[in-house]
Amino acid sequence: ETGVTQTPRHLVMGMTNKKSLKCEQHLGHNAMYWYKQSAKKPLELMFVYSLEERVENNSVPSRFSPECPNSSHLFLHLHTLQPEDSALYLCASSQDQAGGPDTQYFGPGTRLTVL
Amino acid sequence: GDSVTQMEGPVTLSEEAFLTINCTYTATGYPSLFWYVQYPGEGLQLLLKATKADDKGSNKGFEATYRKETTSFHLEKGSVQVSDSAVYFCALSGGAGRRALTFGSGTRLQVQP
Chain A
1 ETGVTQTPRH LVMGMTNKKS LKCEQHLGHN AMYWYKQSAK KPLELMFVYS
51 LEERVENNSV PSRFSPECPN SSHLFLHLHT LQPEDSALYL CASSQDQAGG
101 PDTQYFGPGT RLTVL
Chain B
1 GDSVTQMEGP VTLSEEAFLT INCTYTATGY PSLFWYVQYP GEGLQLLLKA
51 TKADDKGSNK GFEATYRKET TSFHLEKGSV QVSDSAVYFC ALSGGAGRRA
101 LTFGSGTRLQ VQP
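Structure below.
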């Protein structure tokens with residue numbers, strides 16, 4: 001059971017396409033995250049939004065563009081991707097508190113294949 | 001920087017065997033520690049957590065104790081089932097004031113009937 005949903009679950013795109021991944025959280029949290037999970041590599045943080053403001057950006061190529069229009073929604077806009085960008089993209093949310101962030105809850109992920 | 005080291009997998013066990021998956025960490029500050037589980041084709045699910053030294057997290061028969069003196073958070077279960085087959089990730093948060101989780105590389109568990 002998860003309060004974080006992601007669409008689409010699977011996406012195949014060519015290198016010249018533009019697509020967007022969507023994440024929605026129903027937990028009332030105020031922070032959202034994008035992670036990338038590639039085969040045989042640890043999960044990599046891409047972006048963090050807190051109160052709809054981007055607070056961390058882990059040197060991600062500009063072909064990935066995040067958008068957080070409100071505290072419940074997070075998008076990842078994709079354009080001119082490379083085959084090595086094929087991965088599972090995971091969204092997460094948490095409640096930022098004075099003492100630091102609380103537990104992160106993950107969505108099921110979008111499996112992206114770039115041809 | 002922060003880091004998490006997990007034992008290499010896969011770990012293959014027979015049903016009802018005892019499970020230990022080792023996890024050690026390096027962090028500044030006072031991190032919280034987590035175990036997440038990923039079943040085939042799915043995202044990560046929180047399994048258990050501990051927020052301070054000597055805390056024990058537990059869920060679904062799994063346990064892990066936050067050991068500050070050995071910087072460890074080993075996952076244990078007394079009797080595994082086939083349905084426990086998954087990839088297990090140790091993670092920390094809050095180290096060095098960062099929001100994001102730092103993950104280990106994951107350990108695949110295969111339980112045979």
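Here the protein sequences line up with chains A and B, keeping their order. Per the numbering used here: the first sequence = residues 1 to 115. Per the numbering used here: the second sequence = residues 1 to 113. Here a beta-carbon is modelled for each residue, glycine too, at the ideal position from N, C-alpha and C.
What residues from chain A crowd round residue i, counting only those whose CB sits closer than 9 Å?
{"i": "residue 49(B)", "result": "103"}
{"i": "residue 46(B)", "result": "103, 104, 105, 106"}
Going by the beta-carbon positions, is the gap between residue i and residue j smaller than 7 Å?
{"i": "residue 86(A)", "j": "residue 113(A)", "result": "yes"}
{"i": "residue 3(B)", "j": "residue 93(B)", "result": "no"}
{"i": "residue 76(B)", "j": "residue 20(B)", "result": "yes"}
{"i": "residue 24(B)", "j": "residue 71(B)", "result": "yes"}
{"i": "residue 43(B)", "j": "residue 106(A)", "result": "yes"}
{"i": "residue 85(B)", "j": "residue 111(B)", "result": "yes"}
{"i": "residue 61(B)", "j": "residue 48(B)", "result": "no"}
{"i": "residue 109(A)", "j": "residue 81(A)", "result": "no"}
Distance check for residue j and residue i, CA to CA, integer angstroms please.
{"i": "residue 89(B)", "j": "residue 44(A)", "result": "13 Å"}
{"i": "residue 18(A)", "j": "residue 111(A)", "result": "16 Å"}
{"i": "residue 6(B)", "j": "residue 29(B)", "result": "20 Å"}
{"i": "residue 76(A)", "j": "residue 14(A)", "result": "16 Å"}
{"i": "residue 106(B)", "j": "residue 83(A)", "result": "24 Å"}
{"i": "residue 40(B)", "j": "residue 70(A)", "result": "31 Å"}
{"i": "residue 25(A)", "j": "residue 73(B)", "result": "29 Å"}
{"i": "residue 53(B)", "j": "residue 108(B)", "result": "27 Å"}
{"i": "residue 63(B)", "j": "residue 83(B)", "result": "17 Å"}
{"i": "residue 79(A)", "j": "residue 61(A)", "result": "11 Å"}
{"i": "residue 27(A)", "j": "residue 101(B)", "result": "19 Å"}
{"i": "residue 8(B)", "j": "residue 22(B)", "result": "9 Å"}
{"i": "residue 59(B)", "j": "residue 51(B)", "result": "15 Å"}
{"i": "residue 35(B)", "j": "residue 65(B)", "result": "11 Å"}
{"i": "residue 115(A)", "j": "residue 64(A)", "result": "17 Å"}
{"i": "residue 12(A)", "j": "residue 66(A)", "result": "19 Å"}
{"i": "residue 14(B)", "j": "residue 9(A)", "result": "33 Å"}
{"i": "residue 17(B)", "j": "residue 72(A)", "result": "42 Å"}
{"i": "residue 16(A)", "j": "residue 41(A)", "result": "26 Å"}
{"i": "residue 67(B)", "j": "residue 49(A)", "result": "31 Å"}
{"i": "residue 23(A)", "j": "residue 7(A)", "result": "7 Å"}
{"i": "residue 20(A)", "j": "residue 38(B)", "result": "24 Å"}
{"i": "residue 87(B)", "j": "residue 3(A)", "result": "21 Å"}
Residues of chain A with CB under 7 Å from residue i, in chain order?
{"i": "residue 101(B)", "result": "104"}
{"i": "residue 75(B)", "result": "The premise fails here: residue 75(B) is roughly 17 Å from chain A at the closest Cβ pair, so nothing lies under 7 Å."}
Could you work out which residue in the options is closest to residue i when comparing CA atoms only?
{"i": "residue 45(B)", "options": "5(A), 66(A), 40(A)", "result": "5(A)"}
{"i": "residue 74(A)", "options": "115(A), 60(A), 30(A), 16(A)", "result": "30(A)"}
{"i": "residue 103(A)", "options": "91(B), 10(B), 74(B)", "result": "91(B)"}
{"i": "residue 38(A)", "options": "96(A), 115(A), 108(A), 90(A)", "result": "90(A)"}
{"i": "residue 36(A)", "options": "115(A), 16(A), 57(A)", "result": "57(A)"}
{"i": "residue 34(A)", "options": "54(A), 16(A), 10(A), 12(A)", "result": "54(A)"}
{"i": "residue 81(B)", "options": "51(B), 113(B), 87(B)", "result": "113(B)"}
{"i": "residue 97(A)", "options": "3(A), 66(A), 115(A), 51(A)", "result": "51(A)"}
{"i": "residue 27(B)", "options": "8(B), 37(B), 16(B), 1(B)", "result": "1(B)"}
For the putative contact between residue i and residue j, defined by C-beta atoms under 8 Å, what is the C-beta separation to the nearest angstrom?
{"i": "residue 46(A)", "j": "residue 68(A)", "result": "Wrong, their Cβ atoms sit about 13 Å apart, outside the cutoff."}
Can you list the residues of chain A that residue i reaches, using a CB-CB cut of under 8 Å?
{"i": "residue 104(B)", "result": "42"}
Could you work out which residues of chain B lie near residue i, taking near to mean beta carbons separated by less than 8 Å?
{"i": "residue 109(A)", "result": "42, 43"}
Closer than 9 Å by beta-carbon distance: list the chain B residues that pair up with residue i, in chain order.
{"i": "residue 60(A)", "result": "Those within 9 Å of residue 60(A) in chain B number zero; the least Cβ separation is about 13 Å."}
By the criterion of Cβ-Cβ separation under 7 Å, what are the contact partners of residue i in chain B?
{"i": "residue 90(A)", "result": "43, 44"}
{"i": "residue 45(A)", "result": "100"}
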